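Participant:
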Amino acid sequence: MIPRIRIVEAGAHVGQEVRIAGWLYNLRKSGKIAFPQLRDGSGIIQGVAVKAEVPEELFESLRSLTQESSIILQGKIRAEERAAGGYEMDVTGLEIIQRVSEEDPYPITPKEHGPDFLLNHRHLWLRSRRQHAIARVRHEVIRATRDFFDSNGFILMDTPIFTPAACEGTSTLFEVDYFEDQKVYLSQSGQLYNEANAMAQGKVYCFGPTFRAEKSKTRRHLTEFWMVEPEMAYATLDEVKVLAEDMLCFIVDRVLNNRQAELKVLERDVSKLERIRKPFARMHYDEAVTLLQGKGSEIVWGGDFGGTDETLLTEDQPGPLIVDNFPTEIKAFYFQPVDGRPECALGMDVLAPEGYGEIIGGGQRIHDLDLLLKRLDEHNLPREAFDWYTDLRKYGSVPHAGFGMGIERCVTWMCGLEHLRETIAYPRMIYRTRP
RNA sequence: UCCUCGGUAGCUCAACGGUAGAGCAUUCGGCUGUUAACCGAAGGGUUGUAGGUUCGAAUCCUACCCGGGGAGCCA
5 MIPRIRIVEA
15 GAHVGQEVRI
25 AGWLYNLRKS
35 GKIAFPQLRD
45 GSGIIQGVAV
55 KAEVPEELFE
65 SLRSLTQESS
75 IILQGKIRAE
85 ERAAGGYEMD
95 VTGLEIIQRV
105 SEEDPYPITP
115 KEHGPDFLLN
125 HRHLWLRSRR
135 QHAIARVRHE
145 VIRATRDFFD
155 SNGFILMDTP
165 IFTPAACEGT
175 STLFEVDYFE
185 DQKVYLSQSG
195 QLYNEANAMA
205 QGKVYCFGPT
215 FRAEKSKTRR
225 HLTEFWMVEP
235 EMAYATLDEV
245 KVLAEDMLCF
255 IVDRVLNNRQ
265 AELKVLERDV
275 SKLERIRKPF
285 ARMHYDEAVT
295 LLQGKGSEIV
305 WGGDFGGTDE
315 TLLTEDQPGP
325 LIVDNFPTEI
335 KAFYFQPVDG
345 RPECALGMDV
355 LAPEGYGEII
365 GGGQRIHDLD
375 LLLKRLDEHN
385 LPREAFDWYT
395 DLRKYGSVPH
405 AGFGMGIERC
415 VTWMCGLEHL
425 RETIAYPRMI
435 YRTRP
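Take any residue in the first sequence, note its place counting from 1, add 4, and you have its number in the numbering used here.
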């Protein structure tokens, strides 16, 4: 029996007759020679069939194949300098599993397409070389993130998606009309539950989908995205900054070590990732505002950064920038105030370089019961809805801190992409829910 | 929600008041090393929808629909 291999293993089978099951990626042919390119998910390999050297029937079947037809190619693997992957297959056999009809050909041709068309065909677009590479970088980022926390004493404790109240009281939530007793929303953060979990386990993280009902229509937003959120008991803002630094360096390292081929497909300038080193630059909000005003930004103290502000702040930085001590006013209710400066909060954002903007937001939480109750009132949040949360300040309250990282934003930065939407298999946006 | 740009062949675009076109894709023919292969030919259109102006509208006007980018908001 001829062994079946995956394309990625071709190098180990030079000189052998093998079978590879996949899809026809492209076909170039002349009268007497044909070059079918086969894709199997692990790679792409080019087959060669010379008319004079193979049975007439085989040559004709190969010649008339259509793009993305599912086939099993049989042949002998040969090292070939001219081939992109370094190996080629001299085809000796072909089994057609399903032939794509020429009356209804594969819609995504090797030429260029617009975003609307591609997103409508997302289920097929995922097969293309670029999307295949992005999906693998995403996988690497997620694996690295989980490995990092798992090997640093964190316990994964996932938090609920259906939540009875706003986590932050700020962004717009998706309402779910099902539960009898009260209004329920889709989670916009696992943080409040993370705090409870951290008091049980010491160090925890959650990783799951997050929903924001803002009518955002930008290259940095999705209505459904994935977020990883660590939370540590007995921790301060400074410790959480170091954690974010270590985590990002670990992720960058893993991507550089394991996904060079994918980064090459994406034409990513890897030197920009190679120079990411800790410690990252740090800047107080006050400083950031002064710097921005010097660069011509309209920002005034007390306001939040816009997208262009984030780019201005990081343009002179080789790596990420950590901005902290934001005005309390623009932050969620649970941020611990800065000692002796109550108008500022112990929050931080990590801004990625190259204009990719905020990828991490976090900080130290209020651990004093009275202050927390006061903040709930100031934000017009009902105390009853947060009774379990305030319990955490009654029964062994400790300083604690954590952050959230948007996976898609991180992957966008790693891959050097223009649009966040390419980093998730099926992006959900305000005017796009299909496929 | 607001601002802005766009919608013409399956796809990417041109034509900007006077006969609706090109490249790719598809079909047919040619080519023994192609790399988004190349060369020749053919088929393929209610110009997003509805109204209006005009002798004449893809082109100008109005409304609506659909999408891109951005603002606000955020990861």
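We put the CB at the ideal spot given by N, CA and C, even for glycine.
Computed from a predicted model, the values in this text were never measured in an experiment.
Could you give the first and the last residue of the continuous beta strand (DSSP E) run that contains G351?
Facilitator: Segment R345 to A356, the beta strand (DSSP E) holding G351.
Participant: Buried or exposed for H404, going by 16 or more other Cβ atoms inside 10 Å?
Facilitator: Result: buried.
Participant: Determine whether the beta carbon atoms of G212 and M236 lie at a separation below 9 Å.
Facilitator: It is not a contact, given that the beta carbons lie outside the stated cut-off.
Participant: Answer yes or no: the CB of W230 versus the heavy atoms of the ligand GDP, is any distance below 8 Å?
Facilitator: The ligand GDP is not part of the structure shown, which contains no ligands of any sort.
Participant: Which of helix, strand or coil does DSSP assign to S275?
Facilitator: Residue state, collapsed to three classes: helix.
Participant: Please report how far the alpha carbon of L285 lies from the alpha carbon of P109, in whole angstroms.
Facilitator: The identity of residue 285 in the sequence shown is Ala, whereas the question assumes Leu. The alpha-carbon atoms of A285 and P109 are separated by roughly 52 Å.
Participant: I'd like to confirm the pairing. Which residues does DSSP put opposite I364 in its beta bridges?
Facilitator: In the DSSP output, where bridge partners are listed per residue, I364 has V354 and M409.
Participant: Roughly how many whole angstroms lie between the Cα atoms of L317 and D290?
Facilitator: Straight-line Cα distance between these residues: approximately 12 Å.
Participant: For D185, which option in L31, P168 and K276 has the closest C-alpha, if you only look at C-alpha atoms?
Facilitator: Residue P168 is the option with its Cα nearest to D185.
Participant: Can you tell me where the alpha helix (DSSP H) with R263 in it begins and where it stops?
Facilitator: Unbroken run through R263: none, as it is neither H nor E.
Participant: I24 lies in the beta strand (DSSP E); which residues open and close that run?
Facilitator: Start and end: E21 to K33.
Participant: Under 8 Å by Cβ, that's how I've got D328 and H288 pegged, so tell me the actual separation to the nearest angstrom.
Facilitator: D328 to H288, Cβ: 6 Å. Contact.
Participant: What residue from L177, E179, G45 and L98 has the CA that sits closest to E61's CA?
Facilitator: Minimum Cα distance to E61 is reached at L98.
Participant: Can you check the segment 62-132 for any alpha helix (DSSP H) of at least 4 residues that lies completely inside it and give the ranges in chain order?
Facilitator: Correct list: 119-124 and 126-129.
Participant: Note the first and the last residue of the continuous beta strand (DSSP E) segment covering T214.
Facilitator: Looking at the DSSP string, the run of the beta strand (DSSP E) that includes T214 is K207 to F215.
Participant: Contact defined as beta carbons within less than 8 Å: I believe E412 pairs with I428. What is the distance between those atoms, to the nearest angstrom?
Facilitator: Contact holds; Cβ gap of about 6 Å.
Participant: Enumerate in chain order the residues of its own chain whose CB-to-CB distance from Y393 is below 6 Å, with the five nearest sequence positions on each side excluded.
Facilitator: The answer, listed in chain order, is L196.
Participant: If you compare alpha carbons, which of I364, P164, G406 and K219 is closest to L325?
Facilitator: Selected option, being the one with the closest Cα: I364.
Participant: Looking only at DSSP bridge pairs, what is A237 linked to?
Facilitator: A237 pairs with H404.
Participant: What separation, rounded to the nearest whole angstrom, lies between the Cα atoms of T70 and G310?
Facilitator: So the alpha carbons of these two residues sit roughly 48 Å apart.
Participant: Looking only at C-alpha atoms, which of F407, W27, A14 and D391 sits nearest to G366?
Facilitator: Checked all of F407, W27, A14 and D391; the closest Cα to G366 is F407.
Participant: Please determine, among L396, G35 and P439, the residue with the shortest C-alpha to C-alpha distance to S68.
Facilitator: Taking only the C-alpha atoms, the option nearest S68 is G35.
Participant: Go through its chain and collect everything with a Cβ distance to I146's Cβ below 7 Å, but skip five positions before and after it.
Facilitator: Excluding positions up to five away in sequence, the list reads I411.
Participant: When the Cα atoms are used, what is the spatial distance from Y209 to S193?
Facilitator: Between Y209 and S193, the C-alpha separation is close to 12 Å.
Participant: Starting from Y393, follow its DSSP beta bridges and name the residues at the other end.
Facilitator: DSSP, once it has assigned bridges, lists no residue as partnering Y393.
Participant: Apart from the five residues on each side of it in sequence, which residues of its chain come closer than 6 Å, Cβ to Cβ, to H128?
Facilitator: Per the sequence shown, residue 128 should be read as Leu rather than His. So the qualifying residues of the chain are I112.
Participant: Just curious, the alpha helix (DSSP H) that L226 is in, first and last residue?
Facilitator: Element bounds for L226: n/a, residue is neither H nor E.
Participant: In the structure shown, what three-state DSSP assignment does D250 receive?
Facilitator: Three-state DSSP puts D250 in a helix.
Participant: Leaving aside the five residues before and after R436 along the sequence, list all residues of the same chain whose C-beta is less than 7 Å from its C-beta, in chain order.
Facilitator: Excluding residues within five positions, the ones whose Cβ falls inside 7 Å are L123.
Participant: State the CB to CB distance for the pair I114 and L77, rounded to an integer number of angstroms; the pair is presumed to be in contact (CB under 8 Å).
Facilitator: The sequence shown places Pro at residue 114, not Ile. Not confirmed; about 20 Å, so no contact.
Participant: Using DSSP with H/G/I as helix, E/B as strand and the rest coil, what is T149?
Facilitator: Helix at T149.
Participant: Give me whichever residues DSSP pairs with M433 in a beta bridge.
Facilitator: M433 is bridged to R436.
Participant: Grab me the residues of I48's own chain with a C-beta within less than 8 Å of its C-beta, minus the 5 sequence neighbours each way, in chain order.
Facilitator: The answer, listed in chain order, is I11, Y29, Q41, L42, A88, G89 and R133.
Participant: Could you tell me the alpha carbon to alpha carbon distance between K398 and Q264, rounded to whole angstroms?
Facilitator: Each residue's Cα considered, the two are about 50 Å apart.
Participant: For L267, which residues from the same chain have a beta carbon less than 6 Å from its beta carbon, with the 5 sequence-adjacent residues on both sides left out?
Facilitator: Excluding residues within five positions, the ones whose Cβ falls inside 6 Å are V274.
Participant: Tell me where the beta strand (DSSP E) around Q50 begins and ends.
Facilitator: Run containing Q50: I48 to V54, per the beta strand (DSSP E) assignment.
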